[in-house]
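*Asks:*
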Amino acid sequence: CPEIICTNESLRLSAWSDWDTCSKSCGGGIQKRRRTCLINANNCSECLEETRLCQESPCPIQQATLWSDWTSTTNPMNDGSIAEKRTLFICTINSLSNKQLPEIKSDTVKYRVCDTHAINDCQETDSLDNIHFDNWSSWSVWSECYPSCGVSGSIETRRR
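Note that this note's numbering has the sequence shown beginning at 1166, numbered continuously upward.
Spelled out as structure tokens, the structure:
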């Protein structure tokens, strides 16, 4: 809006409010600010709201890797069962510039513990705390392949 210089006392405008919070944290959002007619609002024809772009920098790009292979890890149960872990990494690129290296972090770690007497009897969990082999169903059959984000694979599940 162009700046309005009020000459008529009955159309005096308030000062602009502060800008609202941007509607997005990245990738281009909008902000608004407002003002009101202080006297005789019905005859006020000036611009009472302004909008501007904000947070126009590109959003970080996040890409998950495939799960790593299972590798041996310390077994806190010390009962002869086999403990393994695998990791899913998240790569974050904070800008579209080739000058910035991606940030790679271990986002999720999964553990599995397999009974040495029944090697197919494994529990997969987010933690090795309080793991028990009771009340687990058998593994399901492998599912159909569901490609997602350029990665394909299949899963098997079980419940307890």
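Glycine is no exception: its CB is placed at the ideal position from the N, C-alpha and C atoms.
Use the C-beta contact count for Val1278: other C-beta atoms within 10 angstroms, 16 or more gives buried, fewer gives exposed.
*Replies:* As a working mapping, residue 1278 is identified with position 113 in the sequence shown. It counts as buried.
*Asks:* Who are the Cβ neighbours of Arg1251 in its own chain at under 6 Å, not counting the five residues just before and after it?
*Replies:* Looking up residue 1251 in the sequence shown gives position 86. The residues are Trp1232, Ser1233, Trp1235, Lys1275.
*Asks:* At the level of alpha carbons, what is the spacing between Cys1212 and Pro1225?
*Replies:* Start at 1 with the first residue of the sequence shown, and residue 1212 comes out as number 47. Start at 1 with the first residue of the sequence shown, and residue 1225 comes out as number 60. Roughly 36 Å separates the two Cα atoms.
*Asks:* Out of Arg1177, Gly1194, Leu1178, state which residue places its alpha-carbon closest to the alpha-carbon of Trp1184.
*Replies:* Position 19 of the sequence shown, counting from 1, holds the residue named residue 1184. Comparing Cα-Cα distances from Trp1184 to each of Arg1177, Gly1194, Leu1178, the minimum goes to Gly1194.
*Asks:* Can you have a look at Cys1287 and say buried or exposed, based on whether 16 or more other CB atoms are within 10 angstroms of its CB?
*Replies:* For the purposes of this step, residue 1287 is taken as the residue at position 122 of the sequence shown. So Cys1287 counts as buried.
*Asks:* Report the rounded CA-to-CA distance for Glu1214 versus Asn1208, giving the unit in angstroms.
*Replies:* On the sequence shown, position 49 is the one that residue 1214 refers to. On the sequence shown, position 43 is the one that residue 1208 refers to. Cα-Cα distance, rounded: 16 Å.
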